[in-house]
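One structure below.
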Amino acid sequence: MSLGSSYRSPNVSAGSFHGPSGLTDSDDSNEEYDSPGFSFLAPSGLTDSDSEEDGEEVQSRPVDSPKPVARVSVPSPAQQAASAKKALARQLLLEATQRAVGQFDAAVLEIDAEEAEQLAAVEAAMRRLRAEDVDKASARLEAADDDTAAVLSRLQVVHRQKTRQLSENVAAVQQVAAEKAAKEAAARKAAREAQERQRLEAERARQQAEEAARRAAEEKQRAEQEAAAKEKSEAAAAQQASAGQAQADRGQSAEASSGRASSLRVAPGAAEAEKHCWDALRAAEDLVRPLVEDESQKKERRKLDKFITLSVQQISGTQQQVSAKAAALVQFLQGLGQAPRTYALLQLAGRLVSQCECQVALSHAFAFPLAEVTAAVAAAHPDLVPLLLSKLQHACVLAVPKLYIHYKGRDEAQHLKRMGYREVEVQAKKGGAPQRQYESTDQYTARMQGYVLLYGALVQSERQGNPHDLSHGWQYVARLLNSLPASRMSATALEAFLKTAGFRLNAAFGRQFHKLLAYIDTVFMPDLAKQGDPDARAVHSRLHTYMHDRLFLKEPEGRRMPFSDISTREHA
Numbered sequence: 002m003s004l005g006s007s008y009r010s011p012n013v014s015a016g017s018f019h020g021p022s023g024l025t026d027s028d029d030s031n032e033e034y035d036s037p038g039f040s041f042l043a044p045s046g047l048t049d050s051d052s053e054e055d056g057e058e059v060q061s062r063p064v065d066s067p068k069p070v071a072r073v074s075v076p077s078p079a080q081q082a083a084s085a086k087k088a089l090a091r092q093l094l095l096e097a098t099q100r101a102v103g104q105f106d107a108a109v110l111e112i113d114a115e116e117a118e119q120l121a122a123v124e125a126a127m128r129r130l131r132a133e134d135v136d137k138a139s140a141r142l143e144a145a146d147d148d149t150a151a152v153l154s155r156l157q158v159v160h161r162q163k164t165r166q167l168s169e170n171v172a173a174v175q176q177v178a179a180e181k182a183a184k185e186a187a188a189r190k191a192a193r194e195a196q197e198r199q200r201l202e203a204e205r206a207r208q209q210a211e212e213a214a215r216r217a218a219e220e221k222q223r224a225e226q227e228a229a230a231k232e233k234s235e236a237a238a239a240q241q242a243s244a245g246q247a248q249a250d251r252g253q254s255a256e257a258s259s260g261r262a263s264s265l266r267v268a269p270g271a272a273e274a275e276k277h278c279w280d281a282l283r284a285a286e287d288l289v290r291p292l293v294e295d296e297s298q299k300k301e302r303r304k305l306d307k308f309i310t311l312s313v314q315q316i317s318g319t320q321q322q323v324s325a326k327a328a329a330l331v332q333f334l335q336g337l338g339q340a341p342r343t344y345a346l347l348q349l350a351g352r353l354v355s356q357c358e359c360q361v362a363l364s365h366a367f368a369f370p371l372a373e374v375t376a377a378v379a380a381a382h383p384d385l386v387p388l389l390l391s392k393l394q395h396a397c398v399l400a401v402p403k404l405y406i407h408y409k410g411r412d413e414a415q416h417l418k419r420m421g422y423r424e425v426e427v428q429a430k431k432g433g434a435p436q437r438q439y440e441s442t443d444q445y446t447a448r449m450q451g452y453v454l455l456y457g458a459l460v461q462s463e464r465q466g467n468p469h470d471l472s473h474g475w476q477y478v479a480r481l482l483n484s485l486p487a488s489r490m491s492a493t494a495l496e497a498f499l500k501t502a503g504f505r506l507n508a509a510f511g512r513q514f515h516k517l518l519a520y521i522d523t524v525f526m527p528d529l530a531k532q533g534d535p536d537a538r539a540v541h542s543r544l545h546t547y548m549h550d551r552l553f554l555k556e557p558e559g560r561r562m563p564f565s566d567i568s569t570r571e572h573a
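Start counting the sequence shown at 2; every next residue gets the next number (my numbering).
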């Protein structure tokens with residue numbers, strides 16, 4: 002509260018304060034006793050900066066001193082009365098002044114109290130401000146702690162990212178090493194396949210030469226017999242004997258020349274389809290022969306081989322990988338010219354078939370991703386199918402299906418060659434030179450099973466646009482059961498095909514498929530048991546389990562592929 006305005010007592014005016022009039026006697030007035038005059042001024046101009054000691058200012062106007070007189074006189078009663086009145090007036094004035102001073106002191110105390118209250122309010126406000134400052138400081142500290150925690154969290158994230166990047170780098174290095182090893186293995190395998198092709202071509206040329214020599218010998222023998230018959234015209238009996246002998250010899254020669262055909266078991270439709278695929282393969286090989294024989298195109302061929310080989314080797318059992326590799330192959334083939342594209346299709350067909358004995362034979366479930374990629378590429382490039390089938394049927398006669406029957410007394414080595422047995426080196430005892438002999442029947446059937454598994458997975462694929470769909474699968478089973486005898490070989494092919502395609506055959510053909518299974522159970526299986534082949538017991542047991550446990554109702558392992566690999570999700 003400011004003290005800027007002067008305090009005014011309610012009993013004292015701000016002007017002059019005069020004593021009561023009429024104190025002099027009306028009859029005897031003396032000029033030496035003039036009416037005394039007093040001036041009392043209330044304190045004015047006080048502010049908060051003014052001192053309390055300056056709070057009042059009293060000015061009195063002194064009474065004019067009496068004129069000196071020459072004589073001393075005794076005051077009269079009137080004068081005494083006037084003096085008494087003056088004394089009373091002074092007393093009243095003093096009391097009024099004291100009351101005014103007391104009121105002023107009270108006002109000052111009230112002002113002090115108000116100032117104390119204001120000071121207390123100011124101190125309380127300061128305390129609140131200090132408390133707010135403390136809260137703000139605490140908030141800043143908490144914010145600093147939060148920032149520190151955020152920085153630590155970011156550092157942890159960066160550490161995890163660096164760790165993951167390091168792991169990915171290690172995986173990339175391992176993948177590069179694996180790809181390098183795969184390339185080396187593919188190169189070795191390609192060399193072996195080239196040697197095998199050369200050997201087969203040499204064997205085919207030798208067989209053709211032997212066949213030509215045999216026919217020439219037969220023609221020569223026939224000519225000699227006719228000449229001998231003409232020279233022996235002296236006697237009819239001799240001529241008849243000679244003619245009968247020549248006829249017998251010709252019959253034996255015809256039987257010998259048709260012995261290979263009589264041992265072959267194949268359905269007419271299957272033989273015609275095989276010939277169609279073989280013609281397509283020959284046409285494709287003729288088309289790419291200039292590209293293959295041109296040494297200036299060696300770099301281009303190597304580029305095509307590398308892409309096809311890596312794409313097939315990187316196929317895995319996930320939907321993501323199958324779609325990626327199929328799309329990459331389709332796009333790659335679409336960007337090639339006619340001859341390079343045909344060359345790439347031939348290489349792709351060969352790589353897919355080669356996977357049967359090194360991947361599918363070891364893991365039957367791998368047939369499904371391999372077949373899905375094949376179906377996706379064939380949907381965009383249908384001419385892949387006859388090339389693939391021709392290579393598949395060349396490697397596995399059971400994929401036609403056809404079968405060569407071996408009769409006693411016939412050349413067993415020739416029969417094994419026709420069936421597709423491979424020659425392997427066997428280390429001789431006592432450090433001798435290695436010898437070559439044909440692989441065992443167990444090894445042969447394991448390889449054949451891989452080829453048929455791929456074929457079954459291909460025909461059962463539900464890929465849109467698959468040119469070799471389930472109808473071809475039904476034809477395959479019908480031709481096998483109608484034309485091939487029950488044996489370990491045919492049963493192995495049948496069991497492998499049903500293992501991959503039986504689920505879809507049952508879903509598509511229903512009761513007709515059940516009738517087919519009934520025929521297998523009542524006709525094919527008893528015929529297989531009658532063969533008396535102890536090595537056929539295993540496949541007989543597997544077929545029996547498949548039908549009687551109704552495994553065709555269960556989706557085969559590997560057909561329903563996960564979207565992505567677990568390790569890929571962990572890295573992501």
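Ideal Cβ positions, reconstructed from N, Cα and C, are used throughout, including at glycine.
Cutoff 6 Å; reference Met-449; Cβ partners in own chain excluding five residues on either side: Cys-397, Leu-399
DSSP three-state assignment for Leu-529, whether helix, strand or coil: Helix, per DSSP.
Boundaries of the alpha helix (DSSP H) in which Tyr-477 is found, first to last residue: 471-484
Rounded straight-line distance, which links the Cα of Leu-330 to that of Gln-321: The C-alpha of Leu-330 is placed about 14 Å away from the C-alpha of Gln-321.
Beta carbon of His-473 nearer than 9 Å to that of Ala-379: no
Backbone secondary structure at Arg-131 - three-state DSSP: It is helical.
Cβ separation of Leu-371 and Leu-506, assumed to be a contact under 8 Å, to the nearest whole Å: Not really, about 20 Å apart at Cβ, beyond 8 Å.
Status (buried if at least 16 other CB within 10 Å, exposed otherwise) for Gly-503: buried
Residues of its chain near Tyr-520, where Cβ-Cβ distance is below 8 Å and the 5 sequence neighbours each way are ignored: Leu-482
Status (buried if at least 16 other CB within 10 Å, exposed otherwise) for Lys-516: exposed
Stretch pair the region 379-394 + the region 338-350: three plus CB contacts closer than 8 Å: yes
Whole-angstrom distance between Ala-530 and Arg-538, CA atom to CA atom: 8 Å
Same chain, Cβ closer than 8 Å to Pro-76, five either side skipped, listed in chain order: Excluding residues up to 5 positions away in sequence, Ser-84 lie with their Cβ nearer than 8 Å to the Cβ of Pro-76 in the same chain.
Where the alpha helix (DSSP H) containing Lys-403 begins and where it ends: Taken as a continuous stretch (DSSP letters only), Lys-403 belongs to no alpha helix (DSSP H), being part of the beta strand (DSSP E) at 403-405.
Beta-carbon proximity list for Arg-561, same chain, < 8 Å, skipping 5 on both sides: Sequence-distant partners of Arg-561 (beyond 5 residues in either direction) whose C-beta falls short of 8 Å from its own C-beta are missing from its chain.
Inter-stretch contact at 8 Å, needing at least 3 Cβ pairs: the region 484-492 / the region 402-413: yes
C-alpha gap between Arg-91 and Ala-107, whole angstroms: 24 Å
Alpha carbon of Gln-314 to alpha carbon of Leu-353, nearest angstrom: 9 Å
Cβ-Cβ distance between Met-420 and Met-490 below 9 Å: Yes, they are a contact pair.
Whole runs of the alpha helix (DSSP H) within the region 307-372, excluding any shorter than 4 residues: 320-335, 339-356
Inter-residue spacing [alpha-carbon to alpha-carbon] between Ala-144 and Thr-310: 59 Å
Cutoff 7 Å; reference Arg-342; Cβ partners in own chain excluding five residues on either side: Leu-334
Distance CB(Tyr-439)-CB(Tyr-422) smaller than 9 Å: yes
Unbroken alpha helix (DSSP H) run spanning Leu-450, endpoints: According to the sequence provided, residue 450 is Gln. The question's Leu does not apply to it. Run containing Gln-450: 442-460, per the alpha helix (DSSP H) assignment.
Nearest-angstrom beta carbon gap, Gln-444 and Pro-435 [assumed within contact, 8 Å]: With a Cβ gap of about 17 Å, Pro-435 and Gln-444 do not count as contacting.
Outcome for Leu-544 when other beta-carbon atoms lying within 10 angstroms are tallied against a minimum of 16: buried
Identified DSSP bridge partners for Gln-196: In DSSP, Gln-196 forms no bridge with anything.
C-alpha distance - Phe-369 paired with Ala-414, whole-angstrom precision: 35 Å
4-residue-minimum alpha helix (DSSP H) runs that sit fully inside the region 536-561, ordered along the chain: 538-549
Buried versus exposed, by CB contacts within 10 Å (16 or more), Asn-170: exposed
Sequence-distant residues of the same chain with beta carbon closer than 7 Å to Glu-558, five excluded per side: Ala-366
Contacts around Gln-332, its chain only, beta-carbon distance under 8 Å, and the 5 residues preceding and following it disregarded: none
The alpha helix (DSSP H) enclosing Val-386, as first and last residue numbers: 385-396
Tyr-520: first and last residue of the uninterrupted alpha helix (DSSP H) it sits in: From DSSP, the alpha helix (DSSP H) with Tyr-520 extends over 512-520.
CA-to-CA distance, Val-152 to Gly-451, given in whole angstroms: 58 Å
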